[in-house]
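Under UniProt numbering, the letters of the sequence shown match residues 1 to 528, in that order.
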Amino acid sequence: CNSSSGPPAMSCKSKVAPSVDFDHSCSDSVEYLTLNFGPFETVHRWRRLPPCDEFVGARRSKHTVVAYRDAIYVFGGDNGKNMLNDLLRFDVKDCSWCRAFTTGTPPAPRYHHSAVVYGSSMFVFGGYTGDIYSNSNLKNKNDLFEYKFATGQWTEWKVEGRLVARSAHGATVYNDKLWIFAGYDGNARLNDMWTISLQDREQAYWEEIEQSGEIPPSCCNFPVAVCQDKMFVFSQYDCKSKLECNEESEESGSGSQKDSSGRSSRGPPLLEVSIREADAQPFEVLMQFLYTDKIQYPRRGHVQDVLLIMDVYKLALSFKLSRLEQLCVQYIEASVDLQNVLSVCENANKLQLDQLKEHCLNFVVKESHFNQVIMTKEFEHLSTPLIVEIVRRKQQPPPRVYSDQPVDIGTSLVQDMKACLEGAGHEFCDIILLLDGHPRPAHKAILAARSSYFEAMFRSFMPEDGQVNISIGEMVPSTQAFESMLRYIYYGDVNMPPEDSLYPFYCFMCPNFVLYAIRQRIVLHLKY
1 CNSSSGPPAM
11 SCKSKVAPSV
21 DFDHSCSDSV
31 EYLTLNFGPF
41 ETVHRWRRLP
51 PCDEFVGARR
61 SKHTVVAYRD
71 AIYVFGGDNG
81 KNMLNDLLRF
91 DVKDCSWCRA
101 FTTGTPPAPR
111 YHHSAVVYGS
121 SMFVFGGYTG
131 DIYSNSNLKN
141 KNDLFEYKFA
151 TGQWTEWKVE
161 GRLVARSAHG
171 ATVYNDKLWI
181 FAGYDGNARL
191 NDMWTISLQD
201 REQAYWEEIE
211 QSGEIPPSCC
221 NFPVAVCQDK
231 MFVFSQYDCK
241 SKLECNEESE
251 ESGSGSQKDS
261 SGRSSRGPPL
271 LEVSIREADA
281 QPFEVLMQFL
291 YTDKIQYPRR
301 GHVQDVLLIM
311 DVYKLALSFK
321 LSRLEQLCVQ
331 YIEASVDLQN
341 VLSVCENANK
351 LQLDQLKEHC
361 LNFVVKESHF
371 NQVIMTKEFE
381 HLSTPLIVEI
391 VRRKQQPPPR
401 VYSDQPVDIG
411 TSLVQDMKAC
421 LEGAGHEFCD
431 IILLLDGHPR
441 PAHKAILAAR
451 SSYFEAMFRS
461 FMPEDGQVNI
471 SIGEMVPSTQ
481 AFESMLRYIY
491 YGDVNMPPED
501 SLYPFYCFMC
511 PNFVLYAIRQ
521 RIVLHLKY
């Protein structure tokens, strides 16, 4: 491939006439466009350029593009099946594509990385690496590579003080330094800023910048640009476009910037529900129960902890969570003692928790408890109506009433998730899984939480129409195998025929102990 600058090229160039105007009716290769800014043009006009032939480089997304002299360089990305680490070169004068000449060890295949030009080199930082086809070794990176345009040599910079590994960040060059802002670390979006000098590799080190002013919120997948002495960040946050400007100067020192939580999202805005009758701490306990079907009991008998579970019990009644009600009642009744019974009784009276109030009153009027309780300081400060009720209860205990009605202990998490899969949660489905053309509504949050395969799929390849084709490479699983996989994902059912077990086993969607159980079932079947 002939060019006026840069290293020699490999492969052949794909070339068409550069004067072809953009055809709005053409659906192929519309991503290769140029916008001319000539002095005699009355309008800024787009023009379609020749596509890159498949034998030169695959179609891709999430790659980086930089310009150097009379050429454009494309690095990395993914083609829908694999991450890439090839380097393509587009000659602007010739309007031709070719593979750029490279030597040395290139960066691992990746996407959502960054690439900038400094001097006669391109610098590639971070990104997301691994095998998306087999869903293995997926992780963010914080490595830094240099590509010299003159020689085609790849070199990794080994520097001190590495920043948090990330992808989907912003990168730019200013004042002989590479600046990195925000991104995604695999758990949360970031808004920290780091810099490194590109003048001397031997003396280079990462330095965190202490930001001030109106610091942009945590963000990812955004552009940055430097103009004069300012870096501009344009990002989307809370469904509103924001333009933030950060002053860059040599006086910026190192410091710490707290990470901001949140996950990146490419869908409709999150539904916001105001819970007015709940405090933060008891609501966190309730959320823990909803997700795990259990709660972590605090110290038994401690007054503040018992009062916390009483607030949780009040929420359980409001949200009609029978199983959580029973857990709270069991803890509170087991925790009531001589030291806290009056506090618990008064709080139950205030919250109108009649069942707990009855338990406390019966505890107080017991022969072995009564004298000790009324001699405490807490009894002196008890409200008058409660004192009257305790005295009357002591003088004339109410008759015990035995009910033949069974106690409603509610449904377990497994039962709820099974019902959700079998149709109870149909109205909340937000993703369509297509198996050989047949739609199967499902819940994106559940699939992503239980399967790293689906998590990677939704993060990287989420289609706009909300429909995902299910296959193992070129093979489409049977309906029975697919349903077995969904039963495992939704409620952990591993009772499946050995032939169905191969699908979740192959996709590595299971924890190690489940993989072991599935493997044992397959081996047992083959043995007999």
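Backbone N, C-alpha and C define an ideal beta-carbon position, used for all residues, glycine too. Just so it is clear, the structure is predicted and the values come from calculations on it, not from any experiment.
Output needed for residue i: all residues of its chain with C-beta closer than 7 Å, excluding positions within five of it in sequence on either side, in chain order.
i	result
C360	V336, V341, V344, C345, A348
V285	I295, V312
D185	N140, V164, A165, R166
R59	N79
P106	N85, W154
F458	K444, A448
F370	V364, K394
P441	H426, C429, I432
L327	I295
E146	S121, F123, T155, W157
Among residues of its own chain, excluding the 5 on either side of residue i, which ones have a beta-carbon nearer than 6 Å to its beta-carbon?
i	result
L317	none
N469	L434
Y491	V414, M417, K418
H112	K62, G127, Y128, S167, A168
C220	A168, G183, Y184, R189, S264
S120	F149, A150
E378	L342
Y68	V117, F149
Taking C-beta to C-beta, are residue i and residue j nearer than 8 Å?
i	j	result
W206	I196	yes
G466	I489	no
D192	E202	no
D143	E156	yes
V124	W97	no
M122	F101	no
I332	L356	yes
L178	V116	yes
Near residue i, which residues of its chain fall below 8 Å by C-beta distance, leaving aside the five closest residues on each side in sequence?
i	result
D293	R323, S412, L413, V414
Q199	D176
Using DSSP with H/G/I as helix, E/B as strand and the rest coil, what is residue i?
i	result
R69	coil
S14	Because S14 carries a pLDDT of 42, less than 50, the predicted location of this residue cannot be relied on, and the following value inherits that uncertainty. Three-state result, S14: strand.
G423	helix
M457	helix
K240	With a pLDDT of only 40 at K240, under the threshold of 50, the placement of this residue in the model should not be trusted, and no figure is reported.
L356	helix
D369	Here residue 369 is His; the residue named in the question, Asp, does not match the sequence. DSSP places H369 in helix when its eight states are reduced to three.
E378	helix
S256	With a pLDDT of 37 at S256, under the threshold of 50, the predicted position of this residue should be treated as unreliable, though the coordinate-derived value follows. Correct three-state label for S256: coil.
L84	strand
M287	helix
N137	strand
S212	coil
T151	coil
V414	helix
residue 570	Given that the chain is displayed from residue 1 to residue 528, the structure contains no residue 570 and the question cannot be resolved.
T129	strand
D143	strand
A316	helix
E251	Residue placement at E251 is poorly supported in this model, since its pLDDT is 39, which falls under 50; the coordinates still yield a value, given next. In the structure shown, E251 sits in coil (DSSP, three-state: anything other than H, G, I, E or B).
L321	coil
F234	strand
A225	strand
S218	coil
A188	coil
P106	coil
A278	coil
P385	helix
Just list the residues that DSSP pairs residue i with in beta bridges.
i	result
L178	V173, I196
A448	For A448, which the question treats as bridged, DSSP gives no partner whatsoever.
D78	S61, M83
F90	I72, W97
N469	L434
L308	Bridge partners of L308: none, in fact.
E160	Y205
R166	K141
F123	V116, E146
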